[in-house]
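Read the structure below first, then the notes.
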């Protein structure tokens, strides 16, 4: 049966590293808690002045294309899923869509499809979800999902504006910049592919997190009801995973690794401990947020590239990816990487 | 067999909030469709301009909540008993598709895959473009309108979307550039947007749409009964129809004067609805949906009623 697979992956992280302590030192009032200890995030990558969503996406695309057997004119569709849509500094573009210029820059065919998706941190997986559906239906043969996430502007705003111990902008201090791109194509192989991908939006909680321009300063802010999101997710994720486990006859033991969305170390481990009750334990939890922070829409793929570079994840291994995002969007993907991905030389990020 | 339009709704003269207009359109579309809300498995928002320039979450999930669709998982029998009976807890996946005036046809293509695969039984697509300030602005080029369309799969051999096509213009920059410059707007970033349209944007869009329609109809060789298109200026549909290779019997659907201007991402829904209201959409009628917009990009879809 035709399913899609990850044919190529490219991840780009900016060179500059900024530590959590450096951010805290810039705040007018020192937080009452140890932010690094609470989140598990020691550092994150920070864009250079000339970098924006477009350039971060292009850098990731370059790495992705270098690993791929496809050329630009082979791709039937490109989907861009950046949340912040910044170009030329803090210009938030709504028209044309970002994929429009990426398509031109890449040299894709004029009749190849392009569009953007906005779906918070679930953006890249939303793009993969739709491309997966289009490959399975026969609408397209191959395509790219890319996200250039220039998200540290929300941290810059948070540093200026946080003024109380339970400020809704604290989560903004966890983010890091990145770019990631994947190419998907179809396969009949039983040894690799995206075996399942389920996503659902629990809209009752759609107002728990907003990213929008600040009302106090020029710039963008993110306002997160972090405690409410955490409690909502840990109450529901075990039930949802349990339903998927039953539907697909799966358990944690069927997987070699789990890559959760990278929010905070404590939140991840709490959620997975609870999920073990309905889903069973998974041998290895993959985390890279200590070095790179929460890279939002690219998070799973930054971790995947990091773990491939370290040799922790290898070809043929089955990976559970847990999707959690504002909306609230929850979901899971089961991905087995093909031999061609394992055979490549992965540079450290 | 293919994806069919089950119902549509258009909202105008309802203020200047994209969210409220598209939500109301969605509500009316569902209520008059005969479709049970619990059948809706996906909700796609295709509007370009967003209230308060909200970047996260998706506008689709905010609309999903207002429509009381897929609010939560069923946590317990007691919880489901207490919940609003009109609300649907059937799972829904929602997201925004953004591609200027072509976004709606991109959403149709994506929805077609979801319906063909059986991943969703019904897809609700909504649209709406108002100034981010949610106020009437004379410098905003689009008329505040919300639209909604329900799509389902139909196994009838001769109905639905049968072909589609898309192109971008490789030779020119986008004729519309719209952005919020947060450095420039200061603390007023939520209320502002800069919309720049090239002096020749109408001509560029016309040329691209004309080229694409001729390519598409040349390949498909079907006599179309109606041309449905977004109208960037009054008379756009009829000029396009008569300049193209579409047969002499093909009639353009004009919407510009009805709404007093360009209604952007809601255009094709409004065009379809106007045919529906006139009672002339008999089975077998051949419709050509055409959209052209920023990028620059053009999209076509052939629909059999």
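Residue numbers (my numbering), protein chains in the order written: chain A, 334 to 682; chain B, 607 to 911. Don't be surprised by glycine CBs; every beta carbon is placed ideally from N, CA and C.
Integer Cβ distance of residue 663 (chain A) from residue 530 (chain A), believed to fall under 8 Å: Going by Cβ atoms, the distance from residue 663 (chain A) to residue 530 (chain A) rounds to 12 Å, so no, they are not a contact pair.
What do you reckon, are the CB atoms on residue 736 (chain B) and residue 624 (chain B) nearer than 8 Å? yes
Starting from the Cα of residue 615 (chain B), find the closest Cα among B:879, B:661, B:709, B:788 and give me that residue. B:879
Check whether the Cβ of residue 613 (chain B) lies closer than 8 Å to any Cβ atom in chain A. no
With C-beta atoms as the reference, is residue 875 (chain B) less than 8 Å away from residue 755 (chain B)? yes
Give the straight-line distance between the Cα atoms of residue 294 (chain A) and residue 402 (chain A), rounded to the nearest whole angstrom. Not covered by the structure: residue 294 (chain A). The range shown for chain A is 334 to 682.
Within the 8 Å Cβ cut-off, does residue 444 (chain A) reach chain B? yes
Check whether chain A comes within 8 Å of residue 865 (chain B), counting only Cβ atoms and requiring the distance to be less than that. no
Could you tell me the distance, in whole angstroms, from the CA atom of residue 743 (chain B) to the CA atom of residue 869 (chain B)? 14 Å
Kindly list the residues whose CB is nearer than 6 Å to the CB of residue 811 (chain B), restricted to its own chain and excluding five residues on each side of it in sequence; keep chain order. 838, 898
Answer yes or no: does any C-beta atom of chain A fall closer than 8 Å to that of residue 906 (chain B)? no
Measuring CB to CB, does residue 417 (chain A) end up less than 8 Å from residue 482 (chain A)? yes
Residue 447 (chain A) CB to nearest chain B CB: under 8 Å? yes
Residues of chain A with a CB under 7 Å from the CB of residue 886 (chain B): which are they? Within 7 Å Cβ-Cβ: nothing; residue 886 (chain B) doesn't reach chain A, min ~30 Å.
Is the shortest distance between the beta-carbon of residue 663 (chain B) and the beta-carbons of chain A less than 8 Å? yes
Which two residues bound the contiguous alpha helix (DSSP H) that contains residue 697 (chain B)? From DSSP, residue 697 (chain B) is part of no alpha helix (DSSP H); its letter is neither H nor E.
For residue 553 (chain A), decide whether its Cβ has a neighbour in chain B, counting only Cβ atoms nearer than 8 Å. yes
Closer than 7 Å by C-beta to residue 691 (chain B): which residues in its own chain qualify, once you throw out the five before and the five after it? Chain order, please. With a pLDDT of 48 at residue 691 (chain B), under the threshold of 50, the predicted position of this residue should be treated as unreliable, though the coordinate-derived value follows. So no residue of the chain qualifies.
Quick one: list the residues of chain B neighbouring residue 543 (chain A), beta-carbon separation under 9 Å, in chain order. 658, 660, 661, 662, 663
Sub-8 Å separation of residue 649 (chain B) and residue 730 (chain B) beta-carbons: yes
Using CA atoms only, rank isn't needed, just tell me which of A:452, A:428, A:377 is closest to residue 663 (chain B). A:452
Give me, in chain order, the residues of the same chain whose beta-carbon lies closer than 8 Å to that of residue 469 (chain A); leave out the 5 immediate sequence neighbours on both sides. 335, 336, 337, 519
Which residue or residues does DSSP assign as beta-bridge partners of residue 772 (chain B)? B:905
Report the residue from A:509, A:578, A:607 whose alpha carbon sits nearest the alpha carbon of residue 345 (chain A). A:509
Residues of its chain near residue 339 (chain A), where Cβ-Cβ distance is below 6 Å and the 5 sequence neighbours each way are ignored: 515
Closest Cα partner of residue 913 (chain B) within the set B:813, B:798, B:636: No statement about residue 913 (chain B) is possible, as the shown extent of chain B runs from 607 to 911 and does not include it.
Of the residues that make up the stretch 521–547 of chain A, which ones have a beta carbon closer than 7 Å to any beta carbon in chain B? 532, 533, 534, 535, 536, 537, 539, 542, 543, 544, 545, 546, 547
Might you give, ordered along the chain, the residues of its own chain that have their beta carbon closer than 6 Å to the beta carbon of residue 858 (chain B), omitting 5 neighbours on each side? 833, 843, 844, 847
Partner residues on chain A for residue 740 (chain B), Cβ-Cβ distance less than 9 Å: Neighbours of residue 740 (chain B) on chain A: none; closest Cβ ~13 Å, over 9 Å.
Which same chain residues end up closer than 6 Å to residue 659 (chain B) when comparing Cβ atoms and leaving out the 5 residues on each side of it in sequence? 738, 786, 796
Starting from residue 494 (chain A), find everything on chain B with Cβ-Cβ shorter than 8 Å and list it in chain order. The premise fails here: residue 494 (chain A) is roughly 11 Å from chain B at the closest Cβ pair, so nothing lies under 8 Å.
Looking at the secondary structure, which residues open and close the alpha helix (DSSP H) in which residue 715 (chain B) lies? 709–722
Looking at chain A, which residues of the stretch 721–753 of chain B have a Cβ within less than 8 Å of any of its Cβ atoms? 722, 723, 725
Who are residue 336 (chain A)'s beta bridge partners in DSSP? A:520
Let's test the definition: count the other Cβ atoms within 10 Å of the Cβ of residue 366 (chain A) and tell me whether it reaches 16, buried, or not, exposed. exposed
By a C-beta neighbour count over all protein chains shown, 10 Å radius and 16 as the cutoff for buried, is residue 383 (chain A) buried or exposed? exposed
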